[in-house]
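Chains as they are written, first to last, in this note's numbering: chain A, 1 to 294; chain B, 1001 to 1294; chain C, 2001 to 2294; chain D, 3001 to 3294.
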């Protein structure tokens, strides 16, 4: 019945849903869980109101312990889902989410993800790492993860790469695509097709810097904080809904290269946190923003 | 129905409770709220399991919007409270909690509390500030808060002071006592009598330093972080359940006096946060620890 | 001879300078200090190299303890300053810098500055607070600081205000102008005339938001960090050289009003830090960036 | 002449020293550097005063660019060192410090050190990793670092291990010993012999917890911050001079295992920072505290 001490003889599920906010949702859903013999071991909810229209959407994440099977459980949930128009997902707690990682040459994010995954700190499994370069092959090999390098030199090869990705994502049941310093822009069509399933990481500064070589610009302006933002990739936004952000303090004496190193540490940590929350079904999309149930 | 946009023609309550964890609590309580015509606008819950006994306690905080009166609402809640053995409280959202502040000579925490209160950032009202010194009289007067100075030179005067406090707390309906750098030890009896209602702030270091003049010790040991802990005061513990903690980075070149200034900033901020959460019914006691529903 | 324990029978000066980087500067300046019977009790230096031209500028801040008078001391410094082309300042350590504060309606920054000043934490004296509104009169009065309200309704009144400011700054020997949430734009001429002497504070977000009501935008985009930047005001830049930046973590459940409160805390703290460093001659300008000798 | 842009046709040295504080030290040392044709590209100094005796010690770190050879340079430095009683070291900037890493079973710190070393972010070379367990052999092998496992089951084997360590440290010219979660206590004799050369990492909490299983205790007390301290190992102190500390925010809902994961991230980052500063000669010992010239 408890989050920090679970009964290993029982099943554990995580249910997430979003719907229009109406009285009685929580009562109905907890009633269904109760009827299925389930205990709620963790629960978070949030109501989001549109400032213009005043319309409200309700978000919820529930962890459940139950002797019942998933089928028996869904039998109880379905009528409530229909009645309240729930857009919902049920998953097994701790199940490893199938995650494809795309990289270029920078190792820091990939190293952190694979190390954390093997240490049991990230509930993901990584069937493949794809890259437009070959440098990170050995790192993937150390963690026994298949690695493929694809040259992306022109529009044709990029198109072919995205075709291959689509096929692979389907055949390998990929649920999450992580751009771990993948320095190629994916097409708007691809981003739209997998909206809410692609997580990217990039550096962040105050103020923001446009154009090439942002660390050089940050150094030139003498910023006192450098940071990173992990966000969903979307077709029409420069930067999609933010999942996590962190910053680190720097000063005038740090060289551009030191800013890069510090920035990479923040990037690794921030991306891993975003991936962890996503894989634990703690990230829900609310238009241009995310609800994080952590 | 929404946390960020409330209907001002309706009543808004905050319900907090704790009980033994059993299936059906959430279903029952949301059912009662629904029957009373209430909408849940914010909800947090947590199940705490005792590592030894395995017994679990359930904590919940719910904000509700309803046309019904408090009486009508309590009529629905009472049977559920009885059935599940809820230890519960209901309060009006945003009602200003009656808060007594005790101080000595240091102004930083009192200044921050009174400024924040007047700015509308702390849902408290402060009918009085009591002190064992007279220095902070003018500050209290600027904020139009009655100030009393009591000499606490011997055991007799301390005993008389605590007697006066008891009477005042009762007659003035004080709900929270804040020790804003009050440098006198309250008796074990007094602490026990008001357990869970007295919040104290003190500096915190890694490692902890025993004895007098901790900033001098921290300076001598060259600590890299100094911080503050806001906690409940209890009769039998050196330091009661922790409500909030913060730290700030320092270095070898900061003098002892600079450490004191930095420490005071952290103390002010940390104490104000703890008071805010308490006044919003976001702090629930779970044995030696706190559950913070923020 | 020591920073943390000074000899009160002696004089204490802070010398700051910038010059083209050449071998022998430090040797020459320490020689002059030695000849004047001075001991260096704190010293920081930095060499800044222009990435394009490769030309280097040398920045230094030195604290000195000496029995000699300022005149005797300057006699030794002058030849070195001439030889190496130093742009230098000498001041007494701890002397209170004459500071004019401009405000509008928001009290948080003014309260923090005046409280810190009176507590002895900010080496400034504040002969006046000027405002385009009357709301903060009582706060200034509590700290016994003269307060003037000037209506700035049209171009004529703005021009007259800046004329008055110029006269006041001159007659009152103002060394620093702090815009403590002063919501009026100063003219480019005024900014240019007092470049390096006007410090402003504004909120900062990742990503940055253009246009009105940035807290509403930050809320809509679900940022996870909100912050503040204290910077010099310049004529030709949207945002002048950055002096200090801080951020605080927020989440989806915080309302816009809560973001505002949190943002104000960060603003107060960040502005006070920038003012402290400036008043202690720890902020040196290096083109578009600052060197902070803290 | 510049820190951020060095002349690769010249030599670059870092000079660190400590001595009794007397007038003229900086002048003398900069004179010697000047005579040797050297330019100072980075310089930090600090004077530490004993609060009881009032006696002062002077610490300095200087980076120098020069055409001269190390011999020519030392010829100029030696008379100054003799005159002022300098305890000094000269090293080549960026030279990789020979570092022995001791581990037990936990991989997080070792992974971070070896990854950072290979990425060029830590100026160390690691000729060996020694352990009292075999688990981390594969990780060391991936980074092509020799790994030795030694059973430390009784006093005899511990004594033999320390004998072997002494021999290895001598024969392999080890300059730094890093205890990267090495769960064995080294003897007081060993610690004394290598004082100032052994860096350890351990978790840190507010308040501190004595005895076994500190994460369980921290969880039970509901701490809001968990952290790590990197420090020198000394014979007579529970915890030697602190080099670096960091904390991360946690809350009541994090399980003990999550606290462990978060704690490990902080440990890795904090240890790597301490090792970086040590290898760059930025850490100077001042009795029970460290001076960090970062």
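We treat Cβ as the ideally placed atom computed from N, Cα and C, and that holds for glycine.
- Contact residues of the region 134 to 145 of chain A toward chain D are 142 (C-beta to C-beta distance below 8 Å).
- Note that the C-beta distance between residue 3056/D and residue 3048/D is below 8 Å.
- The way I'd put it, the region 1216 to 1234 of chain B does touch the region 3241 to 3248 of chain D; three or more beta-carbon pairs between them come closer than 8 Å.
- Collapsing the DSSP output to three states places residue 1063/B in a strand.
- Between residue 264/A and residue 2114/C, the alpha-carbon positions lie close to 40 Å from each other.
- Within chain C, not a single residue places a beta-carbon under 9 Å from that of residue 45/A; the smallest gap is close to 10 Å.
- Cβ neighbours of residue 1093/B within its own chain (closer than 7 Å, five residues either side excluded): 1012, 1013, 1014 and 1063.
- With 16 or more other Cβ atoms from the protein chains shown falling within 10 Å of its own Cβ, residue 3111/D counts as buried.
- For chain B, the residues of the region 2104 to 2124 of chain C that bring a beta carbon within less than 9 Å of one of its beta carbons are 2107, 2108, 2111, 2112, 2115, 2116, 2118, 2119, 2120 and 2121, in chain order.
- Around the Cβ of residue 3269/D, a 10 Å sphere holds 16 or more other Cβ atoms; the residue is buried.
- Between the region 2225 to 2234 of chain C and the region 2245 to 2256 of chain C there are three or more inter-stretch CB-CB distances shorter than 8 Å, so the stretches are counted as touching.
- Under the three-state reduction of DSSP, residue 3162/D is assigned to helix.
- A residue is called buried once 16 or more other Cβ atoms fall within 10 Å of its Cβ, and residue 3252/D is buried on that count.
- Counting only Cβ-Cβ distances below 9 Å, residue 197/A has no contacts in chain D at all, with the closest Cβ about 25 Å away.
- Annotation for residue 2261/C: the continuous alpha helix (DSSP H) segment containing it runs 2256 to 2279.
- The beta strand (DSSP E) runs lying completely inside the region 3056 to 3122 of chain D and spanning 3 residues or more are 3056 to 3066, 3087 to 3092 and 3097 to 3103, given in chain order.
- Residue contact check for residue 290/A against chain C: a CB pair falls below 8 Å.
- Per DSSP, the unbroken alpha helix (DSSP H) holding residue 3030/D starts and ends at 3025 to 3035.
- Under a criterion of Cβ atoms nearer than 8 Å, no residue of chain C is adjacent to residue 1286/B; the nearest Cβ is some 21 Å distant.
- For residue 3065/D, the number of other beta carbons within 10 angstroms of its own is at least 16, and it is reported as buried.
- Contact residues of the region 237 to 253 of chain A toward chain C are 239, 241, 242, 244, 245, 247, 251, 252 and 253 (C-beta to C-beta distance below 7 Å).
- Contact between the region 3135 to 3151 of chain D and the region 3068 to 3082 of chain D is absent, with fewer than three C-beta pairs closer than 8 Å.
- Between residue 1214/B and residue 1203/B, the C-beta gap is smaller than 8 Å, which places the two residues in contact.
- Bridge pairing for residue 1048/B: 1057/B [DSSP].
- Excluding the 5 residues flanking it on each side, residue 3182/D has same chain C-beta neighbours closer than 7 Å at 3102, 3103 and 3104, in chain order.
- Excluding its 5 nearest sequence neighbours in each direction, residue 2294/C has C-beta neighbours in its own chain below 7 Å: 2277 and 2282, listed in chain order.
- If you look at residue 2012/C, you'll find it in the beta strand (DSSP E) that goes 2011 to 2020.
- Assignment of residue 1232/B by DSSP, reduced to helix, strand and coil, places it in the strand class.
- Cβ contact annotation for residue 124/A (same chain, cutoff 6 Å, sequence separation greater than five): 96, 97, 99, 117 and 279, in chain order.
- For residue 2167/C, the secondary structure class from DSSP, reduced to helix, strand or coil, is helix.
- Residue nearest to residue 1172/B within the set 1140/B, 1146/B, 1032/B and 1139/B is 1146/B (criterion: CA-CA distance).
- In the DSSP annotation of this structure, the continuous segment of the alpha helix (DSSP H) that includes residue 3219/D starts and ends at 3214 to 3221.
- Only exposed fits residue 1083/B, as fewer than 16 other CB atoms lie within 10 angstroms of its CB.
- One alpha carbon belongs to residue 1039/B, the other to residue 2285/C, and they sit about 57 Å apart.
- Cβ-Cβ separation between residue 1023/B and residue 34/A: approximately 6 Å, consistent with a contact (criterion under 8 Å).
- When 1130/B, 1196/B and 1197/B are compared, the shortest CA-CA separation from residue 1164/B is found for 1130/B.
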